[in-house]
Amino acid sequence: MDAVIEQAEAAGLSLREGFPLTVQSTDRQHSLEQVFGAIRDQVDRRLERDGAILFSGFADPGVDGFQAFAAAFGHPLLSYEFGSTPRSQVTGGGVYTSTEYPAYRSIPLHNEQAYTTEWPMRIWFYCAQAAEEGGETPIADSRRIYRRVDPALRRRFEEKGLRYVRNYGNGLDVDWQQVFNTDDPAAVEAYCRQHRIDCLWKDDGTLRTSQRCQAVACHPRTGDRVWFNQAHLFHVSALDPEMQEVLFETVGEADLPRNVYYGDGAPLEGSALDEIRGVLDESRIVFPWQTGDVLMLDNMLTAHSRQPFKGPRKVVVAMAEGVSLESIAQTTPQEVSHD
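For the sequence shown, the working numbering assigns the number 231 to the initial residue and increments by one for each residue that follows.
Okay, here's the thing in structure tokens:
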């Protein structure tokens with residue numbers, strides 16, 4: 231390891247162990263582009279071991295520089311398809327705002343797009359403007375979450391799988407036009423067929439979808455088993471009790487904006503999700519953002535979230551290397567441990 235550190239220092243980088251691993255510039259004038267070769271070496275060595283790397287103390291790349299940095303790792307940046315939250319495209323090349331959610335609300339830990347069967351393997355966050363107060367992006371090791379969940383509960387989730395049900399629009403959730411990036415119902419139906427999503431056009435013209443998905447997954451390269459779902463976010467118990475009551479009274483269970491069941495359609499126990507939320511809360515690691523920082527995550531190994539904040543805040547996101555549950559099921563490397 232000493233030789234690795236010496237090599238990094240010779241290239242103008244310093245490493246601070248921890249979660250996330252912090253890679254800093256020894257000269258704040260250095261740009262990410264100038265030392266990209268050394269950075270790429272550290273990513274190749276450490277990302278799938280550590281799960282998260284924070285690049286800090288470099289010249290601020292700006293949004294365009296961030297886009298170029300993320301794209302330089304060799305995979306085209308992904309568009310945000312079948313999203314669950316509002317985002318806006320910042321550039322024409324795959325950079326989006328982070329979830330557009332009220333500043334006073336927190337966003338719980340989650341792996342990006344773990345509520346479906348296709349997701350990005352890599353995700354980057356760029357802090358273009360740190361908030362005056364709060365606004366951190368806490369992270370957690372999905373391998374440790376998997377191990378901390380009660381084995382009986384974990385086995386039940388793993389064997390049964392999950393079924394996510396979504397009702398779009400009506401002022402209660404994101405419109406289907408934004409989720410599917412189209413105004414054409416036929417294009418929506420084609421997307422759903424291709425991705426094994428059941429879809430139903432209701433009498434009022436709104437859309438309901440249902441999809442059976444994984445609760446846990448196996449990383450295709452490391453072999454690590456990870457907790458990989460968003461049941462705790464989609465289930466109606468994630469809402470305040472008052473909001474639950476209003477929704478049940480006004481639209482009923484079938485038309486809730488979003489909900490989740492076991493894969494066979496059986497109800498998912500709120501008590502099980504409370505237990506899982508407790509594990510997630512205990513697993514969070516919080517670090518402060520500095521304007522100009524870039525955080526790179528292996529999306530299967532590391533979950534992310536957002537703290538409430540005050541004052542202006544701008545964090546943008548890029549994603550790459552899309553994979554599917556079907557494709558990773560064909561890869562079963564030896565499981566390893568990174569305790």
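Backbone N, C-alpha and C define an ideal beta-carbon position, used for all residues, glycine too. Remember, it's a predicted structure, so these values are computed and weren't measured experimentally.
Separation of D433 from C357, as counted between CA atoms
As a working mapping, residue 357 is identified with position 127 in the sequence shown. As a working mapping, residue 433 is identified with position 203 in the sequence shown. If you take the alpha carbons of C357 and D433, they lie about 44 angstroms apart.
Just the Cα atoms here: how many angstroms apart are S244 and S255? By one-based count along the sequence shown, residue 244 stands at place 14. By one-based count along the sequence shown, residue 255 stands at place 25. So the two alpha carbons sit approximately 6 angstroms from each other.
contact_flag[the segment 546–554, the segment 381–396] where n(CB pairs < 8 angstroms) is 3 or more
no
#### Entry: Rounded C-alpha distance that separates D528 from D274
Position 298 of the sequence shown, counting from 1, holds the residue named residue 528. Position 44 of the sequence shown, counting from 1, holds the residue named residue 274. Roughly 12 angstroms separates the two Cα atoms.
task = Measure the alpha-carbon distance for T347 versus R423 and round it to whole angstroms.
result = Position 117 of the sequence shown, counted from the first residue, corresponds to residue 347. Position 193 of the sequence shown, counted from the first residue, corresponds to residue 423. T347 and R423: Cα-Cα distance of roughly 13 angstroms.
C-beta contact flag for Y376 and Y345 at 9 angstroms: Residue mapping note: residue 376 aligns to position 146 of the sequence shown, counting from 1. Residue mapping note: residue 345 aligns to position 115 of the sequence shown, counting from 1. Not closer than 9 angstroms, so no.
Open item on the list: Between which residues of its own chain and L510 is the CB-CB distance below 6 angstroms, once the five residues before and five after are set aside?
Closed with: Along the sequence shown, one-based indexing puts residue 510 at 280. For L510, where only same-chain residues beyond five positions count, the Cβ hits under 6 angstroms are L339.
- Query: Are the beta-carbon atoms of A300 and V265 separated by less than 9 angstroms?
  - Reply: The sequence position of residue 300 within the sequence shown is 70, counting from 1. The sequence position of residue 265 within the sequence shown is 35, counting from 1. For A300 and V265, no; Cβs fall outside 9 angstroms.
Looking only at C-alpha atoms, which of D494, L498, A533 and R258 sits nearest to E512?
Residue 512 sits at position 282 when you count from the first residue of the sequence shown. Nearest option by C-alpha distance: A533.
*Can you give the beta carbon distance from L498 to A461, rounded, assuming they're within the 8 angstroms contact cut?*
By 1-based counting over the sequence shown, the position of residue 498 is 268. By 1-based counting over the sequence shown, the position of residue 461 is 231. Correct: roughly 6 angstroms between the Cβ atoms.
(message) Taking only three categories from DSSP, how would you classify E565?
(response) For the purposes of this step, residue 565 is identified with residue 335 of the sequence shown, where counting begins at 1. Note on E565: pLDDT 45, under 50, position unreliable in the model; the coordinate value appears next. Coil at E565, not helix or strand.
Problem - Reference M548; option with closest CA among L531, V524 and K540 - result: The sequence position of residue 548 within the sequence shown is 318, counting from 1. Checking the sequence shown, residue 548 turns out to be Ala, not Met. Ranking the options by Cα distance to A548, first place goes to V524.
* Neighbour-count burial assignment, E478, 16 or more Cβ in a 10 Å radius -> Stepping through the sequence shown from its first residue, residue 478 is reached at position 248. Rather than Glu, the amino acid found at residue 478 in this sequence is Phe. Exposed, because fewer than 16 other Cβ atoms sit within 10 Å of the Cβ of F478.
### Message
Do L284 and M530 count as a contact pair if the criterion is CB distance below 9 angstroms?
### Response
The residue you call residue 530 lines up with position 300 of the sequence shown. The residue you call residue 284 lines up with position 54 of the sequence shown. Not closer than 9 angstroms, so no.
State buried or exposed for V476, treating a residue as buried only when at least 16 other CB atoms are found within 10 Å of its CB. As a first step, residue 476 must be located in the sequence shown, where it is residue number 246. Exposed, since its Cβ has fewer than 16 Cβ neighbours within 10 Å.
Could you tell me the alpha carbon to alpha carbon distance between L503 and V545, rounded to whole angstroms? As a first step, residue 503 must be located in the sequence shown, where it is residue number 273. As a first step, residue 545 must be located in the sequence shown, where it is residue number 315. Rounded to the nearest angstrom, the two C-alpha atoms are 29 angstroms apart.
Query raised in the report: Excluding sequence positions up to five away, which residues of its chain have a Cβ less than 6 angstroms from the Cβ of Y334?
Result: In the sequence shown, residue 334 corresponds to position 104, counting from 1. If we look at Y334 and ignore the five residues flanking it on each side, its Cβ neighbours are P538.
Chain C contact for Y421 (CB, 9 angstroms cutoff): No chain C appears in the structure shown, which is made up of a single protein chain.
Exercise for the section: Keeping to the same chain, check which residues put their C-beta closer than 7 angstroms to that of F458; ignore five residues upstream and five downstream. Expected result: Reading the sequence shown from its first residue, position 228 is the one you call residue 458. Once the five neighbours on either side are set aside, the close Cβ partners of F458 are N341, A344, S372, Q444, V446, A447 and M530.
Exercise for the section: Alpha carbon to alpha carbon, how far is G493 from G304? Give it in angstroms, no decimals. Expected result: One-based indexing of the sequence shown puts residue 304 at position 74. One-based indexing of the sequence shown puts residue 493 at position 263. For G304 and G493, the distance between alpha carbons rounds to 36 angstroms.
Original post:
E572: which of I558, W519 and D428 sits nearest, CA to CA?
Top reply: Here the chain covers residues 231 to 569 and nothing more, so residue 572 does not appear.
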